[in-house]
Amino acid sequence: MDKTDTKEFKMIKSNKKIKQIKSFAMHTLLIIGAIMMAFPFIWMMLTAFKSSQEVINVDQWFPKEKIYWQDIKQNNEDFQVEILEDYGEAAKIKFFIRREPIIVDKSQLTKKTWLFSNFTKAWNKVQPSFGRYFINTIVIAVVVTIGQVMTSILAAYAFVFFQFPFKNWIFTLFLATMMVPQQVLLIPNYLILSNLGWIDTYMALIIPWLAGVFGIFMLRQFFVQIPMELFEAAIIDGCSKFGFLFRILIPLSKPPIITISIFTFLGSWNSLLWPLIVTNSQEMRTIQVGLSYFSQAEGTEWELLMAASAFCIIPLIVMYIIAQKHFVQGEAGAGLKG
85 MDKTDTKEFK
95 MIKSNKKIKQ
105 IKSFAMHTLL
115 IIGAIMMAFP
125 FIWMMLTAFK
135 SSQEVINVDQ
145 WFPKEKIYWQ
155 DIKQNNEDFQ
165 VEILEDYGEA
175 AKIKFFIRRE
185 PIIVDKSQLT
195 KKTWLFSNFT
205 KAWNKVQPSF
215 GRYFINTIVI
225 AVVVTIGQVM
235 TSILAAYAFV
245 FFQFPFKNWI
255 FTLFLATMMV
265 PQQVLLIPNY
275 LILSNLGWID
285 TYMALIIPWL
295 AGVFGIFMLR
305 QFFVQIPMEL
315 FEAAIIDGCS
325 KFGFLFRILI
335 PLSKPPIITI
345 SIFTFLGSWN
355 SLLWPLIVTN
365 SQEMRTIQVG
375 LSYFSQAEGT
385 EWELLMAASA
395 FCIIPLIVMY
405 IIAQKHFVQG
415 EAGAGLKG
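If you read the sequence shown in the numbering used here, its first letter stands for residue 85, the second for the next number, and so on.
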């Protein structure tokens, strides 16, 4: 092996090491970022299984074994006690509502570590029930998602494949509305809905969100990548304009459509301010409003709040896992061409 080959071999080996170092550094940063993102979720789930006494102990991460006395109830639940001395079949216990310890039969004591009952209590905590809020939110989120996806598809289709006066100006005006904070429109929208008599109805929670500029923009950016020749050829072959939309364009646009569906569903599911403003009765509340009821004047029941939060976040995680592949494709494919 001559000097030239040796030099090239060393350069290749050096470049390989550099790539390995870069790959290691990148994966390390990604792992750290993933841990930071997952930390709040892990803390929430662990807290959901704790007792109220364990929640205030900041040094305790995982639920520990707890002793409960079945003969005394606190809010229809067994009373948590502390064993001071074990006498075999009996035990000396202490609990905070009684200064002096007492001796009880150990058969009256039960041991619990993970309090699954927190989820049942959280579900029944609010009135009429957390299940009612859950159903309201599902109905609203599903209808809003379907409606916004359909209006986005039709509007983007018109902006790309139809010719009409001031098309680009109208599209620019659409984009300009994205710069207006939603808080600015709260009062005008509320007054309009009030005059229509829609306050405290599903109409107020659904109708204002059936169209969204972001969905129109994203689909328009995807549609412009499809050759106009494909549209013209389909029309020449006898395909109608709506036939081209439903038979050709929509199947090709599955990734961005799924991405828009996820964003729309998330936005509707997590909406708090608007449902709080336009609903008055308990029967029309959504889960985000329901979560606020766990924070009361006498204090926040963190274990129940975290259990209720788990009800809210788990459906979103399942939906994202199922649609993750198409979501990434839609994000990567949007905005490649203007």
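Glycine included, each C-beta is placed from N, C-alpha and C at the ideal position.
- request: Classify F301 as buried or exposed, calling it buried when 16 or more other Cβ atoms lie within 10 Å of its own Cβ.
  value: buried
field: Within the region 354-393, ranges of the alpha helix (DSSP H) (whole runs, at least 4 residues)
entry: 357-362 and 371-376
- prompt: Does the Cβ of K134 have 16 or more other Cβ atoms within 10 Å, making it buried, or fewer, making it exposed?
  reply: buried
- request: Using only alpha-carbon positions, find the residue among F146, I371 and F330 that is nearest to A225.
  value: I371
- request: Could you check which residue in K101, S201, K100 and V210 has the C-alpha nearest to that of R369?
  value: V210
query: Within the chosen definition, does the region 323-332 reach the region 204-223 through at least 3 CB pairs nearer than 8 Å?
result: no
message: Taking the beta carbon of A381 as the centre, do at least 16 other beta carbons fall within 10 Å, making it buried, or is it exposed?
response: Here A381 scores only 48 on pLDDT, less than 50, and its place in the model should not be relied on; the value that follows carries that caveat. Burial call: exposed.
P272: first and last residue of the uninterrupted alpha helix (DSSP H) it sits in: L270 to L280
message: With distance defined between alpha-carbon atoms, name the residue in W293, T363 and A260 nearest to S278.
response: T363
query: Okay, do the region 231-241 and the region 296-311 touch, 3+ Cβ pairs below 8 Å being the bar?
result: yes
- prompt: A318: which of W253, I332 and W293 sits nearest, CA to CA?
  reply: I332
message: Does L294 come out as helix, strand or coil in the three-state DSSP assignment?
response: coil
field: Where G117 falls: helix, strand or coil (DSSP)
entry: helix
task: Let me know if N220 comes out buried or exposed under the rule of 16 or more other beta-carbons within 10 Å of its beta-carbon.
output: buried
Local Cβ density within 10 Å of T348, reported as buried at 16 or more and exposed below that: buried
query: Is I140 helix, strand or coil when you go by DSSP?
result: coil
- request: Measure how close the beta-carbons of G374 and Y217 come, nearest whole angstrom, since I'm counting them as under 8 Å.
  value: 4 Å
message: Once the 5 residues before and after M403 are set aside, which same chain residues still bring their CB inside 6 Å of it?
response: none
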